[in-house]
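Asks:
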Amino acid sequence: MVSLADSSSRIQRSLGRSMRTIRSNLFRNDDNSSPNASPAGRSSVVSDNLTDSVVDYQLRELAAGPPRSSDAKSSTSSVESAAELLELSRDFSDYSSFNSDISGELQRLASIPATEAPPSPAECGPGDVEALVLRLGSTSSSVIVDGVSVESMEPTVRACVEGLGSPSPEMRRAAAAGVRLLAKHRSDIRALIGASGAIPLLVPLLKSTDPATQESAVTAVLNLSLEEANKCPIIAAAAIKPLIYALRTGTAVAKQNAACALLSLSMVEENRGTIGACGAIPPLVVLLVGGTTRGKKDALTTLYKLCSARRNKERAVSAGAVPPLLELAGEHGGGMAEKALVVLGSLAAIPEGREAVVEAGGIPVLVEAIEEGPARGREFAVHALLQLCADSAHNRGLLVREGAIPPLVALSQSASSRAKHKAEMLLSFLREQRQDRAAPPTTAR
């Protein structure tokens, strides 16, 4: 497992424009060097190469419901209004999608020629679950269930649910894979599976020592959680801690799908505090540091949603999230810099987060993002700088010494209306700082 010991180290950077680019190897990890290299390596390749994902969530859905901060001061409330955060977030996650594609194990099963035609889903009985999985694995699962009435799927779902409770490990593995695939595309089938009692039987499999079983169970829970009616039963079945266990111990695909399942459950605001209190944030930070590219993106998006709760912001800072976020914010390409900047802006809404960002050398990173980043990244960066500087003369001084005024002036003249407004506000703070220093001291009469 990737150690987080280095996460507490400061990102050392000298002040000055010439030293602004961060390219340390502190948090660089090859995608194939993640924990559980053997199974995870195979699964991550499959996951990254397949394009048929369960659902593509735009950020306007992920960020629905603005973050609420109970400690907002009057001077910073205008900096982080709910409307501004929602506007910022609408561009944040164009890249994000839940990835619940077929695992390496199911691809292996799909490559085995069947000696006889497997039963159709509507004809499947308890003893035919493995044959059903082969059928689903060798054909697009959307084709299998396309045009089939939900009533005709009841025998198949019942067979899979019975398989989940089988004493046979092989049958449980096959049944979890069957539920995973059946729940992948259609809301009505997800609702049917949830109502058939599958969820309490899937939860113990989240801690299975068999990687394929655990991976299928995690992804099945993810797929089922996309149906609103299944969210409460998943919580009631005490799935959060087992999902976090899978996030810590699973294959690469299991980890990223566990993160996505937690994200899906966190769409219910009341669940966010519970998910954070159960210990989700430290393993999300581990995934952020050492996961695959897909895993890092999923960790970023999940952290963003969880950190709408103040206590989870504190947990993220304590878990060492700031240094790897700054590292990702300094990278170009891949779409993760913008995501990292948004999460940094969220953490900078609390004093502990502001202190951690500055202590880790965050101001130079944010200035570099304004100078060299894409348009969205520049807006996210100036938003984070506003959080850092609104109430801190010290941080304003650091910003001036970093040479931020020219790029801020340029941003105020050429960016979007929101970015212009934020750049102008930040420049006004810096002008106040200068005027305060230039004012002659008053003498007592």
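Taking UniProt numbering, the leading residue of the sequence shown gets 1, the next gets one more, and so forth. Ideal placement from N, C-alpha and C gives every residue a C-beta, glycine not left out. On a predicted model such as this, the values are computed, not experimentally measured, just so you know.
#1: Using the C-alpha atoms, what's the distance from R172 back to L388?
#2: Quick one: Cα of E327 to Cα of G320, how far?
#3: What are the start and end residues of the alpha helix (DSSP H) that includes L226?
#4: Where does the unbroken alpha helix (DSSP H) through H185 begin, and where does it stop?
#5: Per DSSP, what kind of secondary structure is C260 in: helix, strand or coil?
#6: The alpha helix (DSSP H) that contains R162, what's its start and end?
#7: Between which residues of its own chain and S196 is the CB-CB distance below 6 Å, once the five residues before and five after are set aside?
#8: Please report the residue range of the alpha helix (DSSP H) in which D298 lies.
#9: To the nearest angstrom, how far is it from the Cα of G345 to the Cα of Y304?
#10: Ordered along the chain, which non-local residues of its own chain (more than five positions away) have a Cβ less than 8 Å from that of R272?
#11: Between the alpha carbons of E432 and G362, how many angstroms are there, rounded?
#12: Alpha carbon to alpha carbon, how far is S392 from C260?
#13: May I ask which residues mark the beginning and end of the alpha helix (DSSP H) holding G345?
#14: So what's S412 in DSSP terms, helix, strand or just coil?
#15: Three-state secondary structure (DSSP) at I363?
#16: Specify the secondary structure class of T213 as computed by DSSP and reduced to three states.
#17: CB L347 to CB L366, shorter than 7 Å?
#18: How would you label R401, buried or exposed, when you count the other beta carbons within 10 angstroms and need 16 or more for buried?
#19: So, helix, strand or coil for S149, using DSSP?
#20: How many Å lie between N223 and I240 at the Cα?
#21: For A356, which residues from the same chain have a beta carbon less than 6 Å from its beta carbon, with the 5 sequence-adjacent residues on both sides left out?
#22: Give me, in chain order, the residues of the same chain whose beta-carbon lies closer than 8 Å to that of V285; leave out the 5 immediate sequence neighbours on both sides.
#23: What's the gap between the Cα of G147 and the Cα of A159?
#24: Start and end of the alpha helix (DSSP H) containing G377?
#25: Give me the Cα-Cα distance between E368 and L206, rounded to the nearest whole angstrom.
#26: Drop a sphere of 10 angstroms on the beta-carbon of E371, count the other beta-carbons inside from all chains shown, and report buried for 16 or more, exposed for fewer.
#27: Which class does P167 belong to by DSSP, given the choice of helix, strand or coil?
#28: Would a C-beta distance cut-off of 7 Å place G268 and K231 closer than the cut-off?
#29: Which two residues bound the contiguous alpha helix (DSSP H) that contains I199?
#30: My understanding is that G194 touches P242, with C-beta atoms under 8 Å, so please give their C-beta distance in whole angstroms.
#31: Count the other CB atoms within 10 Å of the CB of V343; is the residue buried (16 or more) or exposed (fewer)?
#32: Does the beta carbon of Q256 come closer than 7 Å to any beta carbon on chain B?
#33: Out of G330, V253, E270 and S416, which one is the CA nearest neighbour of T292?
#34: Taking only the alpha-carbon atoms, compute the straight-line gap between A419 and R186 and give it to the nearest angstrom.
Replies: Quick answer:
#1: 51 Å
#2: 12 Å
#3: Segment: none, L226 is in no alpha helix (DSSP H) and carries neither H nor E.
#4: That residue, H185, is in no alpha helix (DSSP H); it is neither H nor E in DSSP.
#5: helix
#6: Looking at the sequence provided, one finds Glu at residue 162 rather than Arg. Start and end: E154 to L164.
#7: V157 and V161
#8: T293 to L306
#9: 10 Å
#10: S266, K305, L306, S308, A309 and N312
#11: 22 Å
#12: 36 Å
#13: M336 to L347
#14: helix
#15: helix
#16: helix
#17: no
#18: exposed
#19: coil
#20: 15 Å
#21: V317 and V322
#22: L4, S7, A299, L303, A316, A319, G320, A321 and P324
#23: 20 Å
#24: A375 to C389
#25: 42 Å
#26: buried
#27: coil
#28: Residue 268 is actually Val in this sequence, not Gly. Yes. Within cutoff.
#29: A198 to L202
#30: Actually they are not in contact, since the Cβ atoms of G194 and P242 sit about 17 Å apart, beyond 8 Å.
#31: buried
#32: The structure shown contains no chain B; it is built from a single protein chain.
#33: V253
#34: 40 Å
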